[in-house]
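Read through the structure below, which is laid out as structure tokens, and then see the notes.
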Amino acid sequence: MRAAHRYVNLFIKYLNNTMLFAMFIVLLLQVILRRFIDIPWAGAEEWALLTMVWITFLGAYQCTVEDSHLKMDFLQNVFTSKWSSLIQIISKSIVVWFLFMANVWAYPFIQSAGDKLLPMSKLPMWVPYGIIWIACILMFIEVIYQIVKEVKKIVISLRKKEHNF
Amino acid sequence: LPGGDEGNKSDSVTLTFAFELPNDHPWGKGAEEFKEIVENETDEEVKIDIQGGGSMGDSGSEIQEGSSVGSIDIGISSTPLSEINPYAEIFSLPYIFETREEAWDVLDGTIGEEVGERLEENDLKHLAWWEDGFRQVTNNVRAIESPEDFDKLKIRVPESDVRIDTFKELGASPLSMSFSEVFTGMEQGSIDGQENPLSVVESSSYYDVQEYLTITDHVYTPASLFINMDKWESLTDEQQEIVLKAAEEGRDVNRELNAEKDDELVDSLKEEGMEVNTIEDPEPFQEKTKPVWDELADELGEEAEDIIDKIQDSK
Amino acid sequence: MTPLLMLITILVLLAVGVPIAFALGVTALVFLIFFTDLQLNIIVQQLFQGVYSFPLLAIPLFIFAGSLMNQGGMSKRLVNLSLALVGMIKGGLAFVNVITSTFFGAITGTAAAASAAVGQIMIPEMNKDNYPPGFSAATTSAGSSLGILIPPSVPMILYGSIAGISVADLFLTGIPIGILVAIGYLIVAFILSLKNDYGSKGKAFSFKFLFKTFIEAIPALIVPFVILGGIISGIVTPTESAALAVLCGIVVGFIFRELSWKGLIYALEDSVRNTALVMFILATAGILGFSFSALNIGEQMIEPFMQYADNPIAVMLLASIILFIGGFIFDGTVMVVVLVPLFLPLVQATAIDPLQFAIVVIIVWGIGQQTPPVASGLYITTAIANVSMLEASKYNILYILVLVIALMGMIFYPDIMLYFPKLLIQ
Ligand code: NA
Ligand code: NA
Numbered sequence: 259m260r261a262a263h264r265y266v267n268l269f270i271k272y273l274n275n276t277m278l279f280a281m282f283i284v285l286l287l288q289v290i291l292r293r294f295i296d297i298p299w300a301g302a303e304e305w306a307l308l309t310m311v312w313i314t315f316l317g318a319y320q321c322t323v324e325d326s327h328l329k330m331d332f333l334q335n336v337f338t339s340k341w342s343s344l345i346q347i348i349s350k351s352i353v354v355w356f357l358f359m360a361n362v363w364a365y366p367f368i369q370s371a372g373d374k375l376l377p378m379s380k381l382p383m384w385v386p387y388g389i390i391w392i393a394c395i396l397m398f399i400e401v402i403y404q405i406v407k408e409v410k411k412i413v414i415s416l417r418k419k420e421h422n423f
Numbered sequence: 248l249p250g251g252d253e254g255n256k257s258d259s260v261t262l263t264f265a266f267e268l269p270n271d272h273p274w275g276k277g278a279e280e281f282k283e284i285v286e287n288e289t290d291e292e293v294k295i296d297i298q299g300g301g302s303m304g305d306s307g308s309e310i311q312e313g314s315s316v317g318s319i320d321i322g323i324s325s326t327p328l329s330e331i332n333p334y335a336e337i338f339s340l341p342y343i344f345e346t347r348e349e350a351w352d353v354l355d356g357t358i359g360e361e362v363g364e365r366l367e368e369n370d371l372k373h374l375a376w377w378e379d380g381f382r383q384v385t386n387n388v389r390a391i392e393s394p395e396d397f398d399k400l401k402i403r404v405p406e407s408d409v410r411i412d413t414f415k416e417l418g419a420s421p422l423s424m425s426f427s428e429v430f431t432g433m434e435q436g437s438i439d440g441q442e443n444p445l446s447v448v449e450s451s452s453y454y455d456v457q458e459y460l461t462i463t464d465h466v467y468t469p470a471s472l473f474i475n476m477d478k479w480e481s482l483t484d485e486q487q488e489i490v491l492k493a494a495e496e497g498r499d500v501n502r503e504l505n506a507e508k509d510d511e512l513v514d515s516l517k518e519e520g521m522e523v524n525t526i527e528d529p530e531p532f533q534e535k536t537k538p539v540w541d542e543l544a545d546e547l548g549e550e551a552e553d554i555i556d557k558i559q560d561s562k
Numbered sequence: 358m359t360p361l362l363m364l365i366t367i368l369v370l371l372a373v374g375v376p377i378a379f380a381l382g383v384t385a386l387v388f389l390i391f392f393t394d395l396q397l398n399i400i401v402q403q404l405f406q407g408v409y410s411f412p413l414l415a416i417p418l419f420i421f422a423g424s425l426m427n428q429g430g431m432s433k434r435l436v437n438l439s440l441a442l443v444g445m446i447k448g449g450l451a452f453v454n455v456i457t458s459t460f461f462g463a464i465t466g467t468a469a470a471a472s473a474a475v476g477q478i479m480i481p482e483m484n485k486d487n488y489p490p491g492f493s494a495a496t497t498s499a500g501s502s503l504g505i506l507i508p509p510s511v512p513m514i515l516y517g518s519i520a521g522i523s524v525a526d527l528f529l530t531g532i533p534i535g536i537l538v539a540i541g542y543l544i545v546a547f548i549l550s551l552k553n554d555y556g557s558k559g560k561a562f563s564f565k566f567l568f569k570t571f572i573e574a575i576p577a578l579i580v581p582f583v584i585l586g587g588i589i590s591g592i593v594t595p596t597e598s599a600a601l602a603v604l605c606g607i608v609v610g611f612i613f614r615e616l617s618w619k620g621l622i623y624a625l626e627d628s629v630r631n632t633a634l635v636m637f638i639l640a641t642a643g644i645l646g647f648s649f650s651a652l653n654i655g656e657q658m659i660e661p662f663m664q665y666a667d668n669p670i671a672v673m674l675l676a677s678i679i680l681f682i683g684g685f686i687f688d689g690t691v692m693v694v695v696l697v698p699l700f701l702p703l704v705q706a707t708a709i710d711p712l713q714f715a716i717v718v719i720i721v722w723g724i725g726q727q728t729p730p731v732a733s734g735l736y737i738t739t740a741i742a743n744v745s746m747l748e749a750s751k752y753n754i755l756y757i758l759v760l761v762i763a764l765m766g767m768i769f770y771p772d773i774m775l776y777f778p779k780l781l782i783q
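Protein chains in written order, with the working numbering: chain A, 259 to 423; chain B, 248 to 562; chain C, 358 to 783.
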């Protein structure tokens with residue numbers, strides 16, 4: 259389980275890096291083809307934006323794993339560890355709710371809007387929408403995993419207390 | 248809050264009406280007419296909430312998608328319509344219509360209906376053909392008088408194969424570029440020109456960075472006014488009739504204003520310092536772009552060929 | 358009323374530690390569920406639309422370029438050149454810091470990239486020379502705002518694309534304004550160093566040293582001309598200039614022989630993370646923006662301002678105050694995408710010079726990068742200096758004052774402030 263978690267993360271990190279480099283290459287080619295070879299590449303913008311969608315959402319997954327999303331955790335720092343765990347569970351549950359809603363609504367939406375083609379690259383819309391969906395599912399699983407860890411912490415600290423009495 | 252206190256009356260329904268252009272654009276004026284008629288004639292049983300200026304979606308793509316999944320009730324889409332209804336592209340073939348009236352006749356007749364009905368595959372009920380109008384070319388190199396003048400001009404076009412092919416056939420180097428980059432692109436010379444309806448040339452201040460405006464009328468862009476199918480079916484027969492009628496009245500306002508405005512716009516663009524010329528004889532341009540028609544017909548098949556023939560016969 | 362409720366919801370969510378991106382999305386979703394009867398399967402579309410915009414590509418690419426230039430040794434060479442220029446003055450490292458930031462501002466488009474590059478070298482150096490760490494962090498953080506005032510500038514690209522004004526003009530306007538602010542920073546650094554007796558004297562000035570460091574820095578000094586030249590000659594569009602900056606980063610890295618394969622991978626990884634942080638917030642802000650339209654919040658927010666529609670100064674002051682307050686918790690990108698479009702019709706009605714309003718917004722954006730808790734200038738610098746944001750802010754207030762003075766100048770004396778820019782544009 260833990261190994262699978264690590265490999266998935268590593269794989270996605272690697273893909274994210276590749277996508278960013280691909281974005282650079284696409285824009286560079288667009289300039290070269292338009293300016294110096296005079297054969298404009300009509301689909302370039304769509305491909306570049308596809309890499310952007312990838313980096314945004316699977317990058318957000320990476321940030322979820324590393325717990326590096328921008329936030330203000332001053333409340334968590336104020337309280338003792340048990341309370342801080344509880345607040346973490348609350349805030350993570352709110353995140354889980356959002357991701358759950360996004361995932362539930364994504365399916366019917368992609369079903370009805372996914373067939374449409376991007377005008378120049380002829381890429382079906384389910385590709386970018388699917389990337390967002392997969393990222394949301396991965397984040398959902400990851401945050402649940404983090405909540406379970408926090409719950410375990412609380413349980414352990416409660417047990418310790420029992421022993422003390 | 249919208250939909251909150253007003254939605255309490257169980258027999259009244261509020262329909263959102265979204266489009267990407269500002270409220271004072273002919274689409275907005277048409278939408279006002281539409282709203283007035285629907286609300287008056289249904290005794291406010293059907294209310295219209297106009298959401299112009301891109302507030303519910305800032306492109307036709309987004310709006311047609313929103314309407315087909317039901318987050319928007321009524322919407323307008325022009326060029327992006329062909330993404331979900333490739334047959335709409337037929338109307339945007341180069342020089343297929345020479346005058347507005349010609350286009351209106353076809354669109355308001357059985358052909359327009361036939362093509363409009365194809366939106367039903369996307370859960371959209373087509374109500375009427377509004378318009379974006381004829382598109383014109385601006386550039387910084389020379390006035391366009393004959394097709395040869397297009398030679399090697401870097402013209403930005405919207406993301407559409409037909410449009411790209413049209414300008415290729417004319418000898419230009421068409422390219423798609425994000426709308427937001429077009430102004431700076433023309434100012435700094437990354438591109439030579441662009442093509443759009445005159446209202447866009449004016450509202451985007453292209454006159455500041457473009458020297459020549461040629462009234463080419465190379466493409467007529469219709470726009471479909473559509474409603475989400477479930478919402479349509481939830482209306483009573485009588486309400487449906489009123490909505491259809493209002494759609495047509497709004498369409499007429501849209502068309503009239505467009506025609507009026509185009510004349511005014513030519514004058515004001517001249518005042519801004521653009522050199523304006525008009526192509527009097529479109530025939531050489533038609534000749535050159537004919538292959539685009541055949542290509543589209545090949546791609547879409549017999550039915551499309553049929554529609555093209557019918558449009559030709561109707562003239 | 359609704360806007361206030363939404364703001365409170367966002368603040369409560371932030372207080373319990375919900376990441377900003379999710380706080381925005383959750384708030385939008387809650388209000389859409391309770392106050393509208395819209396079909397919410399649209400949420401994926403809005404997440405998509407929030408990032409599916411060509412000019413936004415400038416964000417990841419300029420972040421990447423900044424990281425590459427840092428990995429490729431450019432910042433080190435610029436620091437050396439600044440040392441040769443002003444290192445001999447007492448308290449000189451603070452000046453070196455500001456001047457390096459000015460140079461670096463001219464080769465990168467975001468503040469975060471500038472603060473990381475300059476901070477990693479300058480803050481340890483300043484620590485060695487006994488400057489208070491809070492002061493070192495503040496000086497670097499403030500300097501990083503030059504990254505968005507001096508072209509190339511991601512905020513200017515985004516603002517230009519949203520407001521439909523020429524990015525090239527914005528860039529040219531940014532040069533003199535950025536230099537003015539840099540001079541203001543130098544004055545602040547001078548006053549603080551002199552008053553508190555910071556730092557020691559560096560090496561005496563020598564032409565030889567200046568010449569040597571200048572030669573070494575030439576490739577880095579050429580970069581701004583390549584980027585600006587590329588745009589002005591029309592070879593690249595402003596957004597594409599970000600790709601040109603990445604190319605410069607790679608090529609110069611190879612010329613210096615300092616960019617390794619490992620460095621490239623590190624730059625990619627670092628940039629993906631920083632891009633996702635900004636862009637994911639922008640994606641969920643897309644849902645928030647959608648809820649604004651669905652709930653008619655734009656109108657509700659702008660209505661109180663309509664009474665000032667005949668007073669340009671009032672409109673600009675009010676817009677600045679709103680963006681300043683918002684700037685404590687929102688990144689400028691989110692505000693420009695969600696809030697600024699609400700103001701634009703008013704700006705048009707009031708006949709404010711679009712260029713003037715644009716620079717007003719960009720300067721407030723720069724101020725927002727200095728005000729904690731969400732302050733992209735302070736994140737990296739305080740981490741390197743190992744001080745709290747509050748500690749750094751004690752020193753930063755004076756630098757922020759420089760930006761506020763520039764802002765007031767822009768609002769009240771646009772003719773003076775835009776005199777040189779207008780000359781440049783013509
Ligand atoms: Na910059
Ligand atoms: Na801030």
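Positions of the beta carbon are idealized from the N, C-alpha and C atoms, including for glycine.
Please classify residue 417(A): is it buried, with 16 or more other beta-carbons within 10 angstroms of its beta-carbon, or exposed?
exposed
Does chain A have any CB closer than 8 Å to the CB of residue 398(C)?
yes
Contact check, residue 471(B) vs residue 340(B), beta carbons under 8 Å
Not in contact: residue 471(B) and residue 340(B) (Cβ atoms no closer than 8 Å).
In its own chain, which residues sit with a C-beta less than 6 Å from the C-beta of residue 406(A), not counting the 5 before and 5 after it?
Within the same chain, residue 406(A) has no close Cβ partners at all.
Residues of the region 257-269 of chain B in Cβ contact with chain A at a cutoff of 7 Å, in chain order, please.
none
Does the beta carbon of residue 424(C) fall short of 7 Å from some heavy atom of ligand 1?
Not one heavy atom of ligand 1 sits closer than 7 Å to the Cβ of residue 424(C).
Can you give me the Cβ contacts of residue 711(C) inside the same chain, cut-off strictly under 6 Å, excluding the 5 residues immediately before and after it?
Only 522 meet the Cβ criterion.
Tell whether a beta-carbon distance below 8 Å holds between residue 431(B) and residue 539(B).
no
Quick one: is residue 262(A) near chain C, going by C-beta distance under 8 Å?
No - not a single Cβ of chain C is within 8 Å of the one on residue 262(A).
Does the Cβ of residue 563(C) have 16 or more other Cβ atoms within 10 Å, making it buried, or fewer, making it exposed?
exposed
CB-CB under 6 Å to residue 253(A), same chain, minus the five flanking residues each way: which ones, in chain order?
Residue 253(A) is absent from the model: chain A starts at 259 and stops at 423.
Tell me which residues of the region 282-293 of chain A have at least one Cβ-Cβ distance to chain C shorter than 8 Å, keeping chain order.
So the close ones are 282, 285, 286, 288, 289, 293.
Near residue 321(A), what residues of its chain come up, given a Cβ to Cβ distance below 6 Å and the 5 sequence neighbours on each side ignored?
327
Would you say residue 304(C) touches ligand 1, meaning its beta carbon is less than 7 Å from a heavy atom?
Outside the displayed span of chain C (358 to 783) sits residue 304(C), for which this structure offers no information.
Tell whether a beta-carbon distance below 8 Å holds between residue 533(C) and residue 777(C).
The Cβ atoms of residue 533(C) and residue 777(C) lie closer than 8 Å to each other.
Output the boundary residues of the beta strand (DSSP E) element that contains residue 473(B).
459-475
Any beta carbon from chain A within less than 8 Å of residue 409(C)'s own beta carbon?
yes
Reducing DSSP to helix, strand and coil, say where residue 250(B) ends up.
For residue 250(B), the pLDDT reaches just 41, beneath the cut-off of 50, and the residue's location in the model is therefore unreliable, although a value from the coordinates is still provided. Coil.
If we count the other Cβ atoms within 10 Å of its Cβ and call it buried at 16 or more, is residue 356(B) buried or exposed?
Residue environment for residue 356(B): exposed (fewer than 16 other C-beta atoms within 10 angstroms of its C-beta).
Tell me where the alpha helix (DSSP H) around residue 564(C) begins and ends.
564-589
Tell me which same chain residues have a C-beta within less than 7 Å of the C-beta of residue 455(C), skipping the five on either side of it?
496, 500, 539, 542, 543, 546
Tell me whether residue 465(C), by its Cβ, gets closer than 7 Å to a heavy atom of ligand 1.
yes
Exposed or buried, residue 406(B), counting other C-beta atoms within 10 Å across all chains shown (16 or more means buried)?
Counting of Cβ neighbours within 10 angstroms places residue 406(B) among the buried residues, the total reaching 16 or more.
Going by other Cβ atoms of all chains shown within 10 Å of its Cβ, with 16 needed for buried, is residue 329(A) buried or exposed?
buried
Flag residue 318(A) as yes if its beta-carbon sits less than 8 Å from any beta-carbon of chain C, otherwise no.
yes
Helix, strand or coil: which one does DSSP assign to residue 421(B)?
Strand, per DSSP.
Interface flag, residue 316(B) vs chain A, CB-CB below 8 Å
yes
Could you spell out where the beta strand (DSSP E) holding residue 296(B) opens and where it closes?
From DSSP, the beta strand (DSSP E) with residue 296(B) extends over 293-298.
Could you check whether the region 615-628 of chain C touches the region 437-450 of chain C, counting it as contact only if at least three pairs of C-beta atoms, one from each stretch, sit closer than 8 Å?
no
Chain B contact for residue 364(A) (CB, 8 Å cutoff):
no
Quick check on residue 381(B): does DSSP put it in helix, strand or coil?
strand
Through-space distance from residue 357(A) to residue 364(A), alpha-carbon basis:
The alpha-carbon atoms of residue 364(A) and residue 357(A) are separated by roughly 10 Å.
C-alpha distance - residue 254(B) paired with residue 522(B), whole-angstrom precision:
For residue 254(B), the predicted model reports a pLDDT of 41, less than 50, meaning its position is unreliable; a value from the coordinates is still stated below. Their Cα atoms are separated by approximately 53 Å.
Extent of the continuous alpha helix (DSSP H) run through residue 755(C)
746-769
Can you find the residues in the same chain that come closer than 7 Å, C-beta to C-beta, to residue 250(B), ignoring five residues on each side of it along the sequence?
Annotation note: pLDDT 41 at residue 250(B) (below 50); position unreliable, coordinate value reported separately. Cβ neighbours of residue 250(B) beyond the five flanking positions: 261.
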